[in-house]
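S.K.: Okay, here's the structure, questions in a sec.
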Amino acid sequence: NPYAGLVSHLRASWNSGKTRPMEYRVAQLEALGRFLDDKKQEILEATELDMGKPSFEAFFSEILLCKNELNVTLNNLSHWMKDEYVDKNLVMQLDSAFIRKDPYGVVLIIAPWNYPIHLFLVPLIGAIAAGNCAIIKPSEISKNTERLVAETLSCYLDSDCFAVVTGGVPETTRLLENKFDYIFFTGTPPVGRIIMTAAAKHLTPVTLELGGKNPCYVSDTCDVTNVARRVAWGRFFNAGQTCIAPDYLLCTIEMQEKLMPALREAITEFFGPNPRESPDFGRIVSDKQFQRLRAMLGSGRVALGGQTDEAERYIAPTVLADVLPSDPAMQEEIFGPILPIVVIANMDEAIDFINARPRPLAVYAFSCDSKIVNQVLERTSSGGFCGNDTLMHVTLTSLPFGGIGNSGLGRYHGKLTFDTFSHHRGCLHRSMGLETLNTPRYPPYTQQKLGLLTTTFEVKRRGTCTLL
Amino acid sequence: MERMQQIVGRARAAFSSGRSRPLRFRIQQLKALERMVQEKEKEILAALKADLNKCGPNAYSHEILGVLGELALTMEKLPSWAAPQPVKKNLLTLRDEAYINYEPLGVVLVIGAWNYPFVLVMQPLIGAIAAGNAVVVKPSEVSENTARLVAELLPQYLDKDLYPVITGGVPETTELLTQRFDHILYTGNTAVGKIVMAAAAKHLTPVTLELGGKSPCYIDKDCDLAVACRRITWGKYMNCGQTCIAPDYILCDPSIQSQVVENIKATLKEFYGEDVKSSPDYERIVNQRHFKRVKSLLEGQKIALGGESDEASCFIAPTILTDVSPESKVMEEEIFGPVLPIVPVKSVEEAIEFINLREKPLALYVFSNNKQLIKRVISETSSGGVTGNDVIMHFFLSTLPFGGVGHSGMGAYHGKHSFETFSHRRACLIKDLKMESTNKMRYPPGSQKKVDW
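Structure below.
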């Protein structure tokens, strides 16, 4: 077990209790903030090398959003850490009843390659805030960022309590042999299953942030220009390599007609006449992903884009029209700059289409008619939902971010990240006095005692009449 | 075995029909459950007597009272629990609607345990119904009378397709676990907990595991020993020790060990009379297998009190062991019987170290007049839950989440926590299709000007 030494070192630090005082947690969190400030340029460069991430995007997702989470946490940490006092029943009126937020211990955070800083750093913020030690396992696929994190994070964080482990599948498999007190994984459903199965051996609780095909329904009553912009923005951000990107469009054939010129205009507005030359459009992270995506271009017909360049791993912002459910582009999460449009007759058909498939991370619905947006919301199930826009629901730290079914379990962001990495321990602190009040619960059991217990313990529905 | 697939399939189809979702339907089903408990009280008590030799008032207070309370609370609060919860918005979303929508997960599986066979099936069921799910109920086959009764009664009062009961043992449960569920709540032991989680992993099903462990009970020298021992006696020997949150073993200074024994002895007489075996209030071990298991824990131990047993009736007297060695068998596994080992420790530091060397327990108990000492024990250890200066009682406050940590489990329920366990909290952001100008900031082409804003 090659990582046993590392894990037990962290566990010893954990047992020493040093990660628990608030001052320690604040110091580590502030150090993370300095990491983001000091290494901003390196982060933009590394992510550009890894997947051609435009610096505007990288700043937004890898720096700005992370700093927001950091500041929300630092602003509220003392409040979140406090014991939460709860309402008491009659019998416990003189007792102290509260929920303690205990750290779990040594946690493992496994991050993917698409937002390689954000997707380890935001969970790490919660893990540190909650008082844990952590091992961070960045993705080997975004290898420049991996190297940056492995080389520099230890200059900022306490290396007795926080460590970075690098490597691929074999290394992660060996790492998982160790017992962790929590595992936070962002990645694909098949690997999610492997992680949860490994966690089951140690009864380790998990959060799995997975993915799926996020449907985007566009009704016939809508402002086509705005829809096209918002959908194009969400689809082509990070060259489509976003777990909550609108994966495919559902609309009527008339709407498909109307959308096409609007989408063309949006793409041109964003990336110019030749997106390959735009500094604002990314690249595919690896050859393997590039081949996978290129194979999808045969689905339906290429209405917009479709150009590729293997050397650069460039795939143009592409819209495929008249795509069939059986086409390759509809068989798996696309995770690239390709937007298939599947034609349906009406909203009911769109809802049935969505519900016949595994529950996605996000559902999107566009309509000027709020009733339609609400119908799609109410009649489908997904991790999250955004009406009349894409991606934006995850930028609000007060909303839970997570999946359901195949798209994941657990959720985080804002306070919820702190909660994810805390054990909520129910505590009742009673007084040693007033022992006579306990008599009804003790044997010998009698009907009379039972009557007393019933009166004191019972919860009555409002409006029910009790005549003694 | 195809039968299992059909039953779960029917539940799923029933859920997909949408009929379990309206609040009115959920409350109607909960009301029906309430009627069931009230109308069939006699039958429920009889089943509990047959399974665990629990007498009427005892069974009522432990298994029925709590259920009725949970039902009343849930029916009362459901509209407010289920209401969409608006969240704090930022500058960019000020004009939008942002809220958390509480939605059912789908088809939930509840696997009960045999020691409190009625309440451990009913309490999760109440929460799952309240959250709008279909629920497959699998009571423990070990408490066979209660299992049979639940299988008979539920279809008489509840929607048959949405809330099926499946009976059977290990083979049936194994088969059941191959089906896809949207949440599994399992109450039982650690070993099976691992099996349940591994099965759930195949479908990425979230789980709540209510397991067990050795719940330590530290008695400080500075405390009212008589009161402490009375409370401990109650919690330890109720249900013949077969309680997941029973104080499993005692840690105390050697100088008070014999006093503890004397106090418990006196309390036992008060509770059960001179002849425990003939007290109607003292239960029995659930079956031969557990009887043998618990009895074997006494081998080689110093028995300060009790130790008598009768295999034919699965009777084991309330027993105390003193000067128990940490390495002995009785200190290895959860006792789940009326045997109370006392492990002497010289200080609270030693007690805390002792506790922390072991797996995290479901409950932790500490008795002391010194509030600071209690705070210290709590903050330097970890456990599912805690009661200070008493035992068991944190279970009865539904505003406290009830669950384990580490080997004692994951997730929690009771009261609103049940509703949340069985709900999906869906993030919803509803924007306007107009007001596009505020979006322009985020669109390419990117520029330093935009970033600086």
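Each protein sequence line maps, in turn, to chains A and B.
Counting along the first sequence from 1, when you hit position 187 you're at 187 in UniProt numbering, and nothing is skipped either side.
Counting along the second sequence from 1, when you hit position 180 you're at 180 in UniProt numbering, and nothing is skipped either side.
Glycine included, C-beta positions come from ideal geometry on N, C-alpha and C.
Remember, predicted model here, so these are calculated numbers, not experimental data.
(1) Can you give the Cα-Cα distance for T466 of chain A and R35 of chain B, rounded to whole angstroms?
(2) When you check each C-beta in the region 5-22 of chain A against every C-beta of chain B, which residues fall closer than 7 Å?
(3) Throw me the rounded Cβ distance for the R359 of chain A and N388 of chain A pair, which I believe falls under 8 Å.
(4) Taking 8 Å as the threshold (C-beta atoms), are L148 of chain A and E69 of chain A in contact?
(5) Count the other CB atoms, across all protein chains shown, that sit within 10 Å of the CB of M296 of chain A; report buried if there are 16 or more and exposed otherwise.
(6) Should L71 of chain B and I27 of chain B be called a contact, given that it needs their Cβ atoms to be closer than 8 Å?
(7) Please report the straight-line C-alpha distance between I320 of chain B and K292 of chain B, rounded to a whole angstrom.
(8) Comparing the C-beta of G69 of chain B with each C-beta of chain A, is any distance below 8 Å?
(9) List the residues that DSSP assigns as beta-bridge partners of G385 of chain B.
(10) If the cut is a Cβ gap below 9 Å, which residues of chain A does E420 of chain B touch?
(11) Throw me the rounded Cβ distance for the P215 of chain A and I354 of chain A pair, which I believe falls under 8 Å.
(12) Looking only at C-alpha atoms, which of A:K39, A:L339, A:D102 and A:G211 sits nearest to E151 of chain A?
(13) DSSP on K214 of chain B, reduced to helix/strand/coil?
(14) Given a cut-off of 8 Å on the beta-carbon distance, is the pair L52 of chain B and R289 of chain B in contact?
(15) With a 10 Å radius around its C-beta and 16 neighbouring C-beta atoms as the bar for buried, classify K360 of chain B as buried or exposed.
(16) Using 8 Å for Cβ pairs, my map puts K138 of chain B next to T173 of chain B. What's the rounded Cβ distance?
(17) Distance cutoff 8 Å, beta carbons only. Does T456 of chain A sit that close to anything in chain B?
(18) In whole angstroms, give me the CA-to-CA distance for G211 of chain A and T390 of chain A.
(19) Between which two residues does the alpha helix (DSSP H) harbouring C133 of chain A extend?
(20) Can you check whether the CB of V285 of chain A is closer than 8 Å to the CB of S142 of chain A?
(21) Do you know offhand how far N71 of chain A's Cα is from Q5 of chain B's?
(22) Find the residues of chain A that neighbour K431 of chain B, judging by a C-beta separation of less than 8 Å, and give them in chain order.
(23) From the DSSP output, in three-state form, read off R231 of chain B for me.
(24) List the residues that DSSP assigns as beta-bridge partners of S423 of chain B.
(25) Anything in the region 70-90 of chain A with a Cβ closer than 7 Å to a Cβ of chain B? List those residues in chain order, please.
(26) Count the other CB atoms, across all protein chains shown, that sit within 10 Å of the CB of L468 of chain A; report buried if there are 16 or more and exposed otherwise.
(27) When Cβ atoms are compared, which residues of the region 71-103 of chain B fall closer than 9 Å to chain A?
(28) Give me the Cα-Cα distance between W233 of chain A and E76 of chain B, rounded to the nearest whole angstrom.
(29) With a threshold of 8 Å between beta-carbons, can S382 of chain A be considered close to chain B, or not?
(30) Tell me, which residues are paired with H183 of chain B by DSSP?
(31) Starting from the Cα of L429 of chain B, find the closest Cα among A:L339, A:L434 and A:V394 and give me that residue.
(32) By how many angstroms is the C-alpha of G403 of chain B removed from the C-alpha of D323 of chain B?
(33) At a CB-CB cut-off below 9 Å, which residues of chain B make contact with S278 of chain A?
(34) Please specify which runs of the beta strand (DSSP E), each continuous and at least 3 residues long, are wholly inside the region 3-65 of chain B, giving them in chain order.
(35) Can you find a CB in chain B that lies within less than 8 Å of the CB of F401 of chain A?
(36) Would you kindly check if the distance between the Cβ of L428 of chain A and the Cβ of H394 of chain B is under 8 Å?
M.R.: A quick look at the data gives this:
(1) Residue placement at T466 of chain A is poorly supported in this model, since its pLDDT is 42, which falls under 50; the coordinates still yield a value, given next. If you take the alpha carbons of T466 of chain A and R35 of chain B, they lie about 17 Å apart.
(2) Within the region 5-22 of chain A, no residue has a Cβ that lies closer than 7 Å to any Cβ of chain B.
(3) So it is not a contact: roughly 21 Å between Cβ atoms.
(4) no
(5) buried
(6) Not a contact, by the Cβ cut-off of 8 Å.
(7) 17 Å
(8) yes
(9) As a beta-bridge residue in DSSP terms, G385 of chain B pairs with A:G426 and B:A363.
(10) Taking the beta carbon of E420 of chain B as reference, no residue of chain A falls within 9 Å; the closest one sits roughly 11 Å away.
(11) 5 Å
(12) A:K39
(13) coil
(14) no
(15) buried
(16) 6 Å
(17) no
(18) Their Cα atoms are separated by approximately 15 Å.
(19) No alpha helix (DSSP H) contains C133 of chain A, which is instead part of the beta strand (DSSP E) from C133 to K137.
(20) yes
(21) 50 Å
(22) In chain order: C386, G387, N388, D389 and M392.
(23) helix
(24) B:P104
(25) V86, D87, K88 and N89
(26) Model confidence at L468 of chain A stands at a pLDDT of 35, short of 50, so the residue's coordinates are unreliable; what they give is reported in the following sentence. Exposed.
(27) L71, A72, L73, M75, E76, V87, K88, K89, N90, L92, T93, D96, E97, A98, Y99, I100, N101 and E103
(28) 45 Å
(29) Under the 8 Å criterion on CB atoms, S382 of chain A is classed as interfacial with respect to chain B.
(30) When beta bridges are read from the DSSP output, H183 of chain B appears opposite B:V108.
(31) Here the closest residue by C-alpha is A:V394.
(32) 31 Å
(33) P444 and P445
(34) Inside the region 3-65 of chain B, DSSP marks no whole beta strand (DSSP E) run of 3 or more residues.
(35) For F401 of chain A, the answer is yes, since a Cβ of chain B falls inside 8 Å of its Cβ.
(36) yes
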